[in-house]
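Shown next, in structure tokens, is the structure this report addresses.
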Amino acid sequence: MILALNHKSYIKNKKSALGFFFLANCLLLFGFTQAQYFPPKNYPQNYFRNPLAIPMELSGNFGQLRPDHFHMGLDLRTQQKENLPVYAAAAGYVSRIKIERLGYGRVLYITHPNGYTSLYAHLNDFASTLNAYVIAKQYKEEKWEQDIEFQPNQFPVSKGNFIGYSGNTGASRGAHLHFEIRDQNDNNQNPLLFGFPLSDKAPPEINNLYLYDRNYSTYHHTPQTIEIVGSKGFYSLKDSILLLASNKISFGISTRDIVGLLPFKLGLYQAELWIDSMVVFAFRINDFSYANSRYINACIDYEARFNGHNYMQHLSKLPGNHLGIFSSALGDGVIEVKDSLVHHAAIVIKDPAGNSSRISFQYRKKDSLPIIHSQQAGAIKISPNKSFEWEKEGIKLSFNKQAFYDTIPFRCDVSKSTLPQAVSEAYNVCCTDIPVHNYYNASIRLEEKIADSLRSKVLMQLTSNKYSYATKGIWNGDWMQASFERLGMLQLVVDTIAPIIQLVHTSPANNYSNEKKLMIEVIDNFTGIQKFSAVVDGKWLMCSRKDDYYLYQFDGHCSLGEHQLVVTAGDEAGNSSTKIFFFTRELPNKKLNKKKHKALIKKRKKKE
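Numbered per our numbering, the sequence shown spans residues 10 to 617.
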């Protein structure tokens, strides 16, 4: 729904124009209008406790803007340390434990009697009884990554029971505890609505205001940056009135929410757009599911962020945005201005604690407007909410109707690949700074004659100046099909290079007597490592993984003495490497004399 502003609507509101800002601010200050456009929902207060034994401090909040996803919980600070005790936020039972290389690393789920589930992620370790159960299962299956579900009677917990240690596992890049609350439908809830003891008295900041000409797709032009002034909850424009060069507009903002004196830039909870004393658009981030989290790319100016700018958040709902955070009782935030009279606008933002900030301003349309230009020359228009298929000699593309959020100018340029491993043309599909919501199918024809034995080594590669992916597709004659969720340069390549395996040496002569861990680095040129095994003296060794490194913490599975370590790694193309190492473990602090040290090095070199 587009809000249309004309002379009649202006006259109707003219009498109240002077009092608009005072009235609107009062209504918003006391939350009087919120129930009109957001249905009320009750959250159990004080049911959950802080899962740490230190005061709650946030480095990330629910709904914080992240690459390709909203942040789905709270990042709790752990004093820049790992291995702080973590406690059950409420009574229930441990219902699931998952261990993965990326994502949440070591993560634990507790299901509670009230139907909610709490989640504790990036843990270094679980409580001893849980840890013993998991390790036994890992060694039995000879598999480090696990996804284990439990029955209610296996591991019950009371509120405040110790469940594990905080850490930095998975895709984490700093010590912290990630904490979530989910409902019975596995939808993530905003934990700050559950009454945690977190003091927040500071209003969110409005840093910038942006103006979009909605006669064009948001992917077809750069928004105008509007200078603003103000602080501490009250903002206005630097100029007295905003002159519009378009009859169809929307706004965007960049914000910063802070809690206490911490420097972290937290995400926006709620925003409202007021036009001539009416709320015309609003969103509130109470809950959503992981399945819908990628809609963040429809809520931000993706092109600006992709090209290195700060997050700019739309105060409108793009046509292909189906995230459920928007008020269905209001419009989509696109304003159609049909006259040249002065109109009044206000943008109000809020945090979960009720602190608010607002920017108030006036605007009017210029008497004469520029001519609306057509789309990019040579481009095909793809509309949101419609499927699209395209075929050119050597390539076929298929996008479903959820693929794009706004109209995009599509094109595909063909060129000769510059890669020596390439066995097809290179196809530059559209623009890398336009997001795709879900996977699309790409089929590329094999152009080079290769031996049948090499067909299993062919990968489809997607590249840009910021990322590179390669995957093994499905053959259909001389065509390979694969799926991607980004745009960029597509081509077929042959990968015949096996991964490189090397032991990260921490002591001379591979003597690990005074070491607590053994680290192996494995590097691949295209797909990354798909298979890995470490065997010591014929027995499987459990190694955790972080990026390109595999880590074994010395335990009872590696006794004192000399050992043979056999490491095997394989990539998605089927290339495999095996390397043999020899190392020694003796009683801690036992020093090797020089003769023994030299003899050991010589002996190892002969073996290797």
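Glycine included, each C-beta is placed from N, C-alpha and C at the ideal position.
Strand pairing of residue i, partner residues [DSSP]
i    : result
R265 : E214
Q160 : Its beta-bridge partners do not exist; DSSP assigns none.
C421 : V438
H572 : F592
L118 : Per the sequence shown, the amino acid found at residue 118 is Tyr instead of Leu. Answer is R105, L128.
V544 : W549, V575
R367 : F243, V357
I580 : A quick correction: the sequence has Asp, not Ile, at residue 580. In DSSP, D580 forms a bridge with I538.
V238 : S245
S208 : S208 pairs with nothing; no bridge assigned.
W488 : R454, N485
F57  : Answer is none; F57 lacks a bridge partner.
L339 : According to DSSP, which records beta bridges pairwise, L339 is partnered with nothing at all.
Residue i - DSSP class collapsed to helix/strand/coil
i    : result
L324 : coil
N494 : First, the amino acid is wrong: residue 494 is Glu here, not Asn. Note: E494 maps to coil in three-state DSSP.
A388 : coil
F315 : helix
P305 : The residue you asked about is not Pro; residue 305 is Ile in the sequence shown. Looking at I305 - three-state DSSP - the assignment turns out to be helix.
K466 : helix
L428 : coil
L202 : helix
D376 : coil
A518 : helix
E402 : coil
Y174 : strand
Y414 : coil
Y244 : strand
A280 : strand
Y558 : strand
Y219 : strand
S310 : Here residue 310 is Asp; the residue named in the question, Ser, does not match the sequence. Of the three classes helix, strand and coil, the one that applies to D310 here is coil, per DSSP.
Y299 : helix
Y129 : strand
C567 : coil
Y46  : helix
N330 : coil
D461 : helix
L186 : strand
T227 : coil
K347 : coil
T505 : coil
F273 : coil
L111 : coil
H80  : coil
A33  : Here A33 scores only 45 on pLDDT, less than 50, and its place in the model is too uncertain to base an answer on.
D134 : strand
K168 : coil
V289 : strand
H16  : Note on H16: pLDDT 42, under 50, position unreliable in the model; the coordinate value appears next. Of the three classes helix, strand and coil, the one that applies to H16 here is helix, per DSSP.
K257 : strand
S407 : strand
Residue span of the beta strand (DSSP E) that contains residue i, given as start and end
i    : result
R105 : 101 to 108
N450 : 449 to 454
V357 : 352 to 359
Q88  : Note, Q88: premise wrong, no beta strand (DSSP E); not H, not E.
W484 : 483 to 485
G69  : 67 to 69
I235 : 233 to 235
Q511 : 509 to 513
L527 : 526 to 532
P94  : 94 to 96
S477 : 477 to 480
L251 : 251 to 253
Delimiting residues of the alpha helix (DSSP H) encompassing residue i
i    : result
Y148 : 137 to 150
**Message:** I want to know whether the segment 156 to 163 touches the segment 256 to 267 - three or more CB-CB distances under 8 angstroms.
**Reply:** Under the Cβ criterion (8 angstroms, minimum of three pairs), the segment 156 to 163 does not count as touching the segment 256 to 267.
**Request:** Please confirm if the segment 66 to 85 is in contact with the segment 279 to 290, defined as three or more CB-CB distances below 8 angstroms between the two stretches.
**Result:** no
**Asked** Taking contact to mean at least 3 C-beta pairs separated by less than 8 angstroms, is the segment 333 to 343 in contact with the segment 370 to 382?
**Response** Contact fails: fewer than three Cβ-Cβ distances are below 8 angstroms.
**Request:** Could you say if the segment 304 to 316 and the segment 426 to 433 meet the contact criterion of at least three C-beta pairs nearer than 8 angstroms?
**Result:** no
**Prompt:** Would the segment 341 to 348 and the segment 314 to 326 be scored as touching if the rule is three or more Cβ pairs under 8 angstroms?
**Reply:** yes
**Prompt:** Should the segment 215 to 225 be called in touch with the segment 185 to 199, which here means at least 3 C-beta pairs below 8 angstroms?
**Reply:** no
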